[in-house]
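Heads up, the thing below is written out as structure tokens.
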Amino acid sequence: MSKYELNSAEERYQPDSGDTVLANKLGIIDEYEMEALESGLLLMLYEQLFIEGPLPTTLAFNSIREWHRQWLGNVYTSGQGDYVTLT
């Protein structure tokens with residue numbers, strides 16, 4: 080059973096990942112390596128957001144989308160608002 084239920088034909092798994100890692104720019108096939116990378120990048124984003132100055136007083140979708148791009152934009156190909164159902 081795959082880790083993700085993909086809703087788009089454009090979304091693919093990384094070859095040789097056993098359907099556990101989404102296609103990525105870095106060729107990572109190990110789910111634990113990907114989890115470690117994503118966690119490390121998220122920590123870096125948190126540090127950047129809190130060091131740069133005050134966070135927005137109103138949380139807007141565009142802010143979240145930009146943070147997401149900063150977090151994973153170098154790992155995954157960006158699309159137009161993809162939806163993934165975790166199973």
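Numbering (my numbering), first residue to last: 80 to 166. Note that CB positions come from ideal geometry on N, CA and C, so glycine has one too.
Check	Outcome
Looking only at DSSP bridge pairs, what is Leu101 linked to?	Tyr92
With three or more C-beta pairs closer than 8 Å as the rule, is the segment 101-114 touching the segment 140-159?	yes
To the nearest angstrom, how far is it from the Cα of Ala139 to the Cα of Tyr92?	30 Å
Going residue by residue through the segment 99-147, where are the continuous alpha helix (DSSP H) segments of at least 4 residues, counting only ones entirely within it?	110-131
Excluding five sequence neighbours on each side, which residues of the same chain lie with their C-beta closer than 6 Å to the C-beta of Ser96?	Ile108
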